[in-house]
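K.L.:
There are 2 protein chains.
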Amino acid sequence: MEKKDTKAEIIVIGTDMISLHGYNATGLDAVLKSAGVPKGSFYHYFGSKEEFGLAVIDHFAERYDQRLDTFLNDEEVTPLNRIRNYLESGLARLTQNQCTKGCLIGNLGQELADQNERFRARLDDIFHSWKERFAACLQEAQRAGELAPELDTGVIAGFILSGWEGAVLRAKVMKSPQPLRDFIETLFTTVIRSRNLSP
Amino acid sequence: MEKKDTKAEIIVIGTDMISLHGYNATGLDAVLKSAGVPKGSFYHYFGSKEEFGLAVIDHFAERYDQRLDTFLNDEEVTPLNRIRNYLESGLARLTQNQCTKGCLIGNLGQELADQNERFRARLDDIFHSWKERFAACLQEAQRAGELAPELDTGVIAGFILSGWEGAVLRAKVMKSPQPLRDFIETLFTTVIRSRNLSP
DNA sequence: GGAAAATATTAGACCGGTCGTCTTGACGTG
DNA sequence: CACGTCAAGACGACCGGTCTAATATTTTCC
Chain R
8 MEKKDTKAEI
18 IVIGTDMISL
28 HGYNATGLDA
38 VLKSAGVPKG
48 SFYHYFGSKE
58 EFGLAVIDHF
68 AERYDQRLDT
78 FLNDEEVTPL
88 NRIRNYLESG
98 LARLTQNQCT
108 KGCLIGNLGQ
118 ELADQNERFR
128 ARLDDIFHSW
138 KERFAACLQE
148 AQRAGELAPE
158 LDTGVIAGFI
168 LSGWEGAVLR
178 AKVMKSPQPL
188 RDFIETLFTT
198 VIRSRNLSP
Chain X
8 MEKKDTKAEI
18 IVIGTDMISL
28 HGYNATGLDA
38 VLKSAGVPKG
48 SFYHYFGSKE
58 EFGLAVIDHF
68 AERYDQRLDT
78 FLNDEEVTPL
88 NRIRNYLESG
98 LARLTQNQCT
108 KGCLIGNLGQ
118 ELADQNERFR
128 ARLDDIFHSW
138 KERFAACLQE
148 AQRAGELAPE
158 LDTGVIAGFI
168 LSGWEGAVLR
178 AKVMKSPQPL
188 RDFIETLFTT
198 VIRSRNLSP
C-alpha cells in the first residue's frame, strides 16, 4: 500500500526544493535527507536524476491543471473574470511566499531549455496547454460578447502567458508583487477591453 | 597597457558562457581553458567566482546600455517607433541564435534571485534602469502627442519589460520567435494605441 | 507452515568535477 | 639586486550523481 508512498514523497519534496533552488542546484542528497529516505534508495525509484526531474515536472503540471480547472471552468463567473480571478489568485500566492519560487515551469524553462532537449520539449508542451486553456476561455468571452470579436484569441492567450511569466520573474527579482499588479491592471484596461470600448 | 586585457578577456568569454549555460553550470575551469588563461591567474584578478559573476553582469549591463542608446535616443525616429525598433532588433537577434541564450539578466534573475542577495540587488537595479528608459521614451511620446496622455508611463514601461522578458523566455522554450512577434504586434495594436484611437 | 525464490529496499563506496589555495617561477621596473 | 605584478598548474577538500553488493521483505510453492 505504501509501496509508492516513498516515491511520491520524494517527488513532492523534490518539487518544493526545485521550485526554490532550481534543478541543478538541488542536490539529491538534500532531497533524500529532507524526505528521510536513504541515499541508496534513489536509484530504486528513479533511473537517473533526469527522470526524477521529469517526474517532478509531471507532478507539478498535474496539480497546476487542477488549479486552472477551478478557475477557468468556474461557471459562476463570466469568462473574462475567470481569467482575472486566476491571475489575482496567483498574485495572492506569490505575495504569500515573499515572491520567491516564481513559476516552476518558467524557472526550469530558463534554466534548462538550452541544456536538455527532453526537458525543453516537456516544458514546451505544458506552456502550450496553458495557452490553449486561456485561448478557450477568451473564445468563450467572445461568444458571450464580453470581448472584441476581432481579436485573435490564440495571440492574446500567448500574450497573457508571456506577460504573466515575465511579471512573475520581475516580482522575484524585485522581491515585490508590484509587477504582477501592474500587469493585471494594464492587461484588463488596455488589451482585453470589452467590445463596447472599441472604436 | 595590456594589463587589463587578460581580465577583460576572461569577462567577455565568461559573459558568453554564462549567457548560454547559466551561472552555476559554468565552471571556472571551462572559462579559463576557453580563454587560454591558467587557473592561477584567475584569483589574481578576481576574489571569487561571485565577484567574477558580478563583473560579468556589469560588463553586460554596460554593453546593453549602449544598445539602448542607439535605439532609444534615435532622434530620427518618433519615440514610439524607437521602442518598436528596439524590440524588432531584439527579435532579429534572438532569431539569429535560434532563440538560445535569451536575456542574460532575465536568466540570472530566475536562477539566482532567491539564492544570492548581492546578485539579486544588482539585477534589480538593472531592470529598474531599463524600465526608466522605457518610461522616459513613453513620456516623450506623450509630449509628442503620439501616446494617450492618460496612460501611466511607469506602469506601461514595466508592462513592456515584463512582457518582453516573458516572451523571450517562451521563445527559448519553444525554440521559435513567434512569441516575440506576437508580443510586439499585440503591444502596438492594443496597449500603446495612438491617442486618436482612444474612445 | 516453512523453506526457497523473487523482489523491494538499503548501505556505502566510487568516480568525476567543483571551487579555491598554494608554491614556484618569469618578467620587468626602480 | 629586490620587489611588485602576473603566469603557471598541481593540489586538496568537498560534493555531486551513480553503481554494486548486501540486506530486508514479500511471494511462491511443496
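Protein sequence lines correspond, in order, to chains R and X. Sequence positions in the first sequence follow the numbering used here and run 8 to 206. Sequence positions in the second sequence follow the numbering used here and run 8 to 206. Glycine residues also receive a C-beta, built at the ideal position from the N, C-alpha and C atoms.
1) Using a Cβ cut-off of 8 angstroms, pull out every chain X residue sitting near ASN123 (chain R), in sequence order please.
2) For a contact meaning CB atoms closer than 8 angstroms, what does THR193 (chain X) contact in chain R?
3) Output the distance between the C-alpha atoms of SER136 (chain R) and THR22 (chain R), rounded to the nearest integer angstrom.
4) If I measure Cβ to Cβ from PHE190 (chain R) and keep anything under 6 angstroms in the same chain, skipping five residues before and after, which residues do I get?
5) Is the beta carbon of TYR52 (chain X) closer than 8 angstroms to that of ILE17 (chain X)?
6) Does the region 177-185 of chain R come close enough to the region 100-110 of chain R that 3 or more CB-CB pairs lie under 8 angstroms?
7) Of all the options X:ALA142, X:LEU61, X:ILE20 and X:GLY152, which has the alpha carbon lying nearest to the alpha carbon of GLY43 (chain X)?
8) Closer than 7 angstroms by C-beta to ILE133 (chain X): which residues in its own chain qualify, once you throw out the five before and the five after it? Chain order, please.
9) Under the three-state reduction of DSSP, which class applies to ARG202 (chain R): helix, strand or coil?
10) Got a sec? Which residues, its chain only, sit under 7 angstroms from LYS14 (chain X) by beta carbon, not counting five neighbours each side?
11) Consult DSSP for LEU27 (chain R) and reduce its assignment to one of helix, strand or coil.
12) Nearest to PHE78 (chain R) by CA position, among R:ALA143, R:TYR93 and R:GLU124, is which residue?
13) How is MET8 (chain R) classed by DSSP in three states: helix, strand or coil?
14) Output, in sequence order along the chain, the residues in the region 107-121 of chain R whose CB is closer than 8 angstroms to any CB in chain X.
15) For CYS110 (chain X), does the three-state DSSP call read helix, strand or coil?
16) Three-state secondary structure (DSSP) at LEU158 (chain X)?
17) Quick one: any contact between the region 87-101 of chain X and the region 137-148 of chain X, if contact means 3 or more CB pairs under 8 angstroms?
18) What residues in the region 21-36 of chain X have a beta carbon less than 9 angstroms from any beta carbon of chain R?
19) Identify each residue in the region 50-61 of chain X for which the Cβ-Cβ distance to at least one residue of chain R is less than 9 angstroms, and report them in chain order.
20) Is DSSP giving ASP121 (chain R) helix, strand or coil here?
21) Check the Cβ of VAL63 (chain X) against every Cβ in chain R and list those closer than 9 angstroms, keeping chain order.
22) Taking only beta carbons into account, state which residues of the region 124-152 of chain X come closer than 7 angstroms to chain R, listed in chain order.
23) Verify the CB distance criterion: does ASP189 (chain R) have a CB-CB separation below 8 angstroms to chain X?
24) Could you check which residue in R:VAL84, R:PRO86, R:GLY97 and R:LEU115 has the C-alpha nearest to that of ARG74 (chain R)?
25) Quick check on DSSP: helix, strand or coil for GLY34 (chain R)?
26) In chain order, what residues of the same chain have a beta carbon less than 7 angstroms from the beta carbon of GLY29 (chain R), not counting five sequence neighbours either side?
27) Mind checking whether PHE49 (chain X) and LEU35 (chain X) have CB atoms under 8 angstroms apart?
28) What does GLU172 (chain X) reach in chain R if we use C-beta pairs closer than 9 angstroms?
29) Would the beta-carbon of GLU153 (chain R) fall within 8 angstroms of that of THR102 (chain R)?
30) ASP65 (chain R) lies in the alpha helix (DSSP H); which residues open and close that run?
31) Could you give the distance in angstroms between the alpha-carbon of LEU194 (chain X) and the alpha-carbon of LYS138 (chain R)?
32) Thinking C-beta only, is PHE126 (chain R) closer than 8 angstroms to GLY54 (chain R)?
33) Is it buried or exposed for GLU172 (chain X), if we count other Cβ within 10 angstroms and need 16 for buried?
34) Mapping DSSP to helix, strand and coil, what is GLU139 (chain R)?
35) Do we get a CB-CB distance below 8 angstroms when we pair PRO184 (chain R) with the residues of chain X?
36) Where ALA121 (chain R) and ALA178 (chain X) are concerned, what is the direct C-alpha to C-alpha distance, given to the nearest angstrom?
P.N.:
The structure says:
1) Those do not exist, as ASN123 (chain R) stays about 11 angstroms from chain X at its closest Cβ, beyond 8 angstroms.
2) VAL162, ILE163, PHE166 and VAL198
3) 20 angstroms
4) GLY170 and ALA174
5) yes
6) yes
7) Ranked by Cα distance from GLY43 (chain X), the first of X:ALA142, X:LEU61, X:ILE20 and X:GLY152 is X:ILE20.
8) ALA68 and ILE112
9) Confidence in ARG202 (chain R) is poor, its pLDDT being 47 and thus under 50, which makes the residue's placement too unreliable to answer from.
10) TYR52
11) helix
12) R:TYR93
13) Because the pLDDT at MET8 (chain R) is just 34, under 50, the model does not fix this residue reliably, and the value given afterwards should be weighed accordingly. Coil.
14) THR107, LYS108, GLY109, GLY113, ASN114, GLY116, GLN117, GLU118, ALA120 and ASP121
15) coil
16) coil
17) yes
18) LEU27, HIS28, GLY29, ASN31 and ALA32
19) Per Cβ criterion, the list is empty.
20) coil
21) Under the 9 angstroms cutoff, chain R gives no residues; its nearest Cβ is about 17 angstroms from VAL63 (chain X).
22) ARG127, LEU130, ASP131 and PHE134
23) Judged by the 8 angstroms Cβ criterion, ASP189 (chain R) is in contact with chain X.
24) R:GLY97
25) coil
26) ASN114 and GLU118
27) yes
28) Against chain R, a Cβ distance below 9 angstroms from GLU172 (chain X) picks out SER169, GLU172, GLY173, ALA174, LEU176 and ARG177.
29) no
30) 56-79
31) One Cα belongs to LEU194 (chain X), the other to LYS138 (chain R), and the distance between them is close to 18 angstroms.
32) no
33) Buried.
34) helix
35) no
36) Note that residue 121 (chain R) is Asp in the sequence shown, not Ala. About 11 angstroms.
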